[in-house]
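Worksheet: one structure, shown below.
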Amino acid sequence: MRQFGGPAILLDRNDINTDEIIPAKYLTEITKIALRPHLLEDLLVDGKAFDHESEAMKKAKVVVARENFGCGSSREHAVWAFEVNDKDVIVASSFARIFRQNMFNCGILAVELKPEEIDQLFAMKGDMTISINLEKNLLLAETAGEKKEFSFEMNSFDRELVGAGGWLAYADSKY
Amino acid sequence: MGKTIAEKIFDAHLREQVSAENMVLDLDVILCHEITTPIAIMDLVEKGMDKVFDPTKIKAVIDHVTPAKDSKTAMQGKIMREWARRHKIKDFFDIGANGVCHALFPEKGFIRPGYTVIMGDSHTCTHGAFGAFAAGIGTTDLEVGIYKGVCSFRAPKTIKIEVEGELGRRVAAKDVILSIIKQLTVNGATDRVIEFSGPTVDKMNMAERMTLCNMAVEAGGTCGICQPDRTTAEYLWPFIQGDYATIDAAVEDFKRWCSDADAEYAKVIKINVADLTPMVTHGYKPDQVKTVTEMAGTKVDQIYIGSCTNGRIEDLRAAAEILKGKKIAEGVRAIVTPATPLTYSMALKEGLIAIFMDAGFCVLNPTCGACLGMSAGVLAEDEVCASTTNRNFNGRMGKGGMVHLMSPWTAAATAVKGVITDPREI
Chain A
28 MRQFGGPAIL LDRNDINTDE IIPAKYLTEI TKIALRPHLL EDLLVDGKAF
78 DHESEAMKKA KVVVARENFG CGSSREHAVW AFEVNDKDVI VASSFARIFR
128 QNMFNCGILA VELKPEEIDQ LFAMKGDMTI SINLEKNLLL AETAGEKKEF
178 SFEMNSFDRE LVGAGGWLAY ADSKY
Chain B
3 MGKTIAEKIF DAHLREQVSA ENMVLDLDVI LCHEITTPIA IMDLVEKGMD
53 KVFDPTKIKA VIDHVTPAKD SKTAMQGKIM REWARRHKIK DFFDIGANGV
103 CHALFPEKGF IRPGYTVIMG DSHTCTHGAF GAFAAGIGTT DLEVGIYKGV
153 CSFRAPKTIK IEVEGELGRR VAAKDVILSI IKQLTVNGAT DRVIEFSGPT
203 VDKMNMAERM TLCNMAVEAG GTCGICQPDR TTAEYLWPFI QGDYATIDAA
253 VEDFKRWCSD ADAEYAKVIK INVADLTPMV THGYKPDQVK TVTEMAGTKV
303 DQIYIGSCTN GRIEDLRAAA EILKGKKIAE GVRAIVTPAT PLTYSMALKE
353 GLIAIFMDAG FCVLNPTCGA CLGMSAGVLA EDEVCASTTN RNFNGRMGKG
403 GMVHLMSPWT AAATAVKGVI TDPREI
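Those sequence lines, one after another, are chains A and B.
Take 28 as the starting number for the first sequence in the numbering used here and just add one per residue.
Take 3 as the starting number for the second sequence in the numbering used here and just add one per residue.
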């Protein structure tokens, strides 16, 4: 199975919606790669514009946020915008249904932790690296001074989709 | 133990139980539009999977940006047209015959009680108004739907909303759903079907039921759903009269798609709307809802009447009732976009278009346009729009713009006064 993890970026927000992840004006693109410069372009954190072109953002392979991540539109462009920026794990306390399904359909991870565990991640100081152990359902978060491990639940079907490399490959072989 | 509508539909369409909670279902209808479909088509072509499982079950439309506004949107339309031609998809609605998908497809009789419906569009939940299971999905799900005719869902847990009480003058289905979303919050129905029932819903026409179901996703819901009944059968009669001897026979048959009295719900919420007053959103989330009274006097720059929530003939009639013989306030601009060609031509025949034009409205062709800030009415930074649409996210109708969601009555009253106005005062 594919390895997931790397430098993490933490977005202290509930309800990050698909229009903030990738505004509708970019939905006229017909290639995924064209979405790359626009990821989180309209995101507000604490009411202020988020710097979506920062170094931390460029390096990140894992994104952490709070509840109801990916709410709003069905646009898979929101997932692709992360994918083409090499971010293939999103950790949140809950996801909107379509966004979560789109992640697994693309063979990448939407990991749910409990709200108090997300609080613990936000409380850790300094640059963070998150690694995912899919065999044991463990998420390991490390900073210079701290190390924390959390177990998460993963539905067996979602796991199969990740193993198959997504829903299209899975469905093609099976139906 | 009895079953809910959604459980009955899942049972009847189960292809495979793939895990304790995931089911793969056979699909009755796959709806397609030009924003999420072309990229699916291109991916299927690239992977050597350019097939459609059944062209009669695929319905396609160009609706989001139409006529095309630039070369990129023209290309999206071109990919759709060539694909529909290549696969002999008969039900393809191009310029001249096209309209907002969630208004057009029901009008064509494509959605029936008991159906499974998917579309790469979150407001697909609208079609649950017909007693169907209809869900918005992403592009990968759309590809698999087109190619194999199946889609996976988690077992449907249902929140039942029982609505009673008679709606007051100029209090609309839109006000009911805004008050429900306020109560549920934006993720209160995530992974849940929202079943709208009770005497108030039973009395609603199909347009009103579609308005309710349309916004189920704004509370996180997978699908909104209503019990199919005589109102449903009468709406569908032109399309089903070959299948049933009488409307009564259709109503009787639809009962197999109604929830059992002893069905199990994740939650039951009872609301009485007798004292409900017109509602409006503030802020950037659809659960940020206040009464129009609280928001009265808020200055707006643009009024937008249209969309899959409130662009049907009933909505245009409501707005025109207030606009008749009046002008929009100085300093505001107003746009109306009838949701389908049929709506447009009915509005013309009924004299509604003349009322809108005399009031100073710009009348657009049927399109999704400004609702998602793609074309035909995009806001500038710091502008405010009074809108009959369904989503008020930051930047939704244009970067830096603010959208206040409201009913067609309230939007029309606001157009006349130039500030958010209670329609009962006009």
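Backbone N, C-alpha and C fix where the C-beta goes; we use that ideal spot for every residue, glycine too.
**Message:** With a threshold of 7 Å between beta-carbons, can G308 (chain B) be considered close to chain A, or not?
**Reply:** Cβ-Cβ to chain A under 7 Å: no for G308 (chain B).
**Prompt:** Within the 7 Å Cβ cut-off, does I57 (chain A) reach chain B?
**Reply:** Closer than 7 Å: yes.
**Min CB distance F149 (chain A) to chain B below 7 Å** = By the rule that beta-carbons nearer than 7 Å mark a contact, F149 (chain A) does not touch chain B.
**Prompt:** Just reading off the beta strand (DSSP E) that M25 (chain B) is part of, what are its end residues?
**Reply:** Its beta strand (DSSP E) spans residues 24 to 28.
**Request:** Leaving out five residues on either side along the sequence, give the residues of the same chain with a beta carbon under 7 Å from the beta carbon of D30 (chain B).
**Result:** Within the same chain, K59, Y117, T118, V119 come within 7 Å of D30 (chain B) by CB-CB distance, once the 5 residues on both sides are set aside.
**Request:** Below 8 Å on the Cβ atoms is my guess for T2 (chain B) versus P368 (chain B); work out the distance and round it to an integer in Å.
**Result:** For chain B, the structure presents residues 3 to 428; residue 2 (chain B) sits outside this window and is missing.
**Request:** Would you mind stating whether A137 (chain B) and T128 (chain B) have Cβ atoms separated by less than 7 Å?
**Result:** No, these two residues do not count as a Cβ contact at 7 Å.
**Under 7 Å between C-beta atoms of I307 (chain B) and V338 (chain B)** = Their beta carbons are under 7 Å apart, which means I307 (chain B) touches V338 (chain B) by this criterion.
**Asked** Does DSSP put V253 (chain B) in a helix, in a strand, or in coil?
**Response** The answer is helix: DSSP assigns V253 (chain B) an H, G or I state.
**Item:** 7 Å Cβ cutoff, L195 (chain A) in contact with chain B
**Value:** At a cut-off of 7 Å between beta-carbon atoms, L195 (chain A) makes contact with chain B.
**Asked** Sorry if obvious, but does the Cβ on V386 (chain B) come closer than 6 Å to a heavy atom of the ligand SAH?
**Response** Summarising the ligand content, the structure contains no ligands, and the ligand SAH is consequently not present.
**Prompt:** What residues from chain B crowd round D146 (chain A), counting only those whose CB sits closer than 9 Å?
**Reply:** In chain B, no part has a C-beta under 9 Å from the C-beta of D146 (chain A); the shortest such distance is about 18 Å.
**Request:** Between the Cα of S347 (chain B) and those of B:M82, B:A99, B:K61, B:R87, spot the shortest distance and give me the residue it belongs to.
**Result:** Looking from the CA of S347 (chain B), the closest CA among B:M82, B:A99, B:K61, B:R87 belongs to B:A99.
**Message:** Tell me the rounded alpha-carbon separation between E266 (chain B) and K5 (chain B).
**Reply:** Annotation: E266 (chain B) to K5 (chain B) spans about 7 Å, alpha carbon to alpha carbon.
**Request:** Report the partner residues of I273 (chain B) according to the DSSP bridge assignment.
**Result:** Beta-bridge partners of I273 (chain B) (DSSP): B:V165.
**Prompt:** According to DSSP, which residues form a beta bridge with Q19 (chain B)?
**Reply:** Bridge partners of Q19 (chain B): B:M25.
**Request:** From the DSSP output, read off the bridge partner residues of I422 (chain B).
**Result:** Per the DSSP secondary-structure output, I422 (chain B) pairs with nothing in a beta bridge.
**Prompt:** Do you know how far the Cα of G402 (chain B) is from the Cα of F77 (chain A)?
**Reply:** The straight-line gap from Cα to Cα measures roughly 14 Å.
**Prompt:** Can you list, in chain order, the residues of its chain whose CB lies under 7 Å from that of I125 (chain A), leaving out five sequence neighbours each side?
**Reply:** Cβ neighbours of I125 (chain A) beyond the five flanking positions: S101.
**Message:** Helix, strand or coil, according to DSSP, for T345 (chain B) in the structure here?
**Reply:** DSSP places T345 (chain B) in the helix class (H, G or I) of the three-state scheme.
**Request:** Leaving out five residues on either side along the sequence, give the residues of the same chain with a beta carbon under 6 Å from the beta carbon of N129 (chain A).
**Result:** Around N129 (chain A): E103, V106.
**Request:** Measure the alpha-carbon distance for T142 (chain B) versus L195 (chain A) and round it to whole angstroms.
**Result:** The alpha-carbon of T142 (chain B) is positioned some 7 Å away from that of L195 (chain A).
**Message:** Against chain A, does G111 (chain B) count as a neighbour if the rule is that its beta carbon must be under 7 Å from one of theirs?
**Reply:** Interface with chain A (7 Å Cβ-Cβ cutoff): G111 (chain B) is excluded.
**Request:** Label S200 (chain A) either buried or exposed according to how many other C-beta atoms from any shown protein chain fall within 10 Å of its C-beta, with 16 as the threshold for buried.
**Result:** By the 16-neighbour rule on beta-carbons within 10 angstroms, S200 (chain A) is exposed.
**Item:** Reduced DSSP category for Q185 (chain B) - H, G, I as helix; E, B as strand; rest coil
**Value:** DSSP places Q185 (chain B) in helix when its eight states are reduced to three.
**Request:** Compare the C-beta of L167 (chain A) with all C-beta atoms of chain B and state if any pair is closer than 7 Å.
**Result:** L167 (chain A) does not count as touching chain B.
**Asked** Taking Cβ positions only, does S101 (chain A) come closer than 7 Å to chain B?
**Response** Chain B contact via Cβ: present.
**Request:** Kindly indicate which three-state DSSP category R102 (chain A) falls into: helix, strand or coil?
**Result:** Reduced to three states, the DSSP call for R102 (chain A) is coil.
**Request:** Kindly indicate if chain A contains any beta-carbon less than 7 Å away from that of K292 (chain B).
**Result:** Among the CB atoms of chain A, none fall inside 7 Å of the CB of K292 (chain B).
**Asked** chain A partners of T283 (chain B), CB-CB under 7 Å?
**Response** Neighbours of T283 (chain B) on chain A: none; closest Cβ ~14 Å, over 7 Å.
**Prompt:** Name the residues in the region 25 to 40 of chain B whose C-beta lies less than 9 Å from a C-beta of chain A; which are they?
**Reply:** For the region 25 to 40 of chain B, residues whose beta-carbon sits nearer than 9 Å to a beta-carbon of chain A comprise V26, I37, T38, P40.
**Request:** Report the partner residues of G190 (chain A) according to the DSSP bridge assignment.
**Result:** Paired residue(s): none; G190 (chain A) is not in a bridge.
**Item:** Neighbourhood of V275 (chain B) by C-beta, 7 Å cutoff - its chain only, sequence neighbours within 5 removed
**Value:** Around V275 (chain B): V165, G167, L169, V178, T202.
**Item:** D65 (chain B): contacting residues in chain A (beta-carbon distance under 9 Å)
**Value:** Around D65 (chain B), no beta-carbon contact reaches into chain A at under 9 Å, the shortest distance being about 13 Å.
**Prompt:** For a contact meaning CB atoms closer than 8 Å, what does R40 (chain A) contact in chain B?
**Reply:** Those within 8 Å of R40 (chain A) in chain B number zero; the least Cβ separation is about 11 Å.
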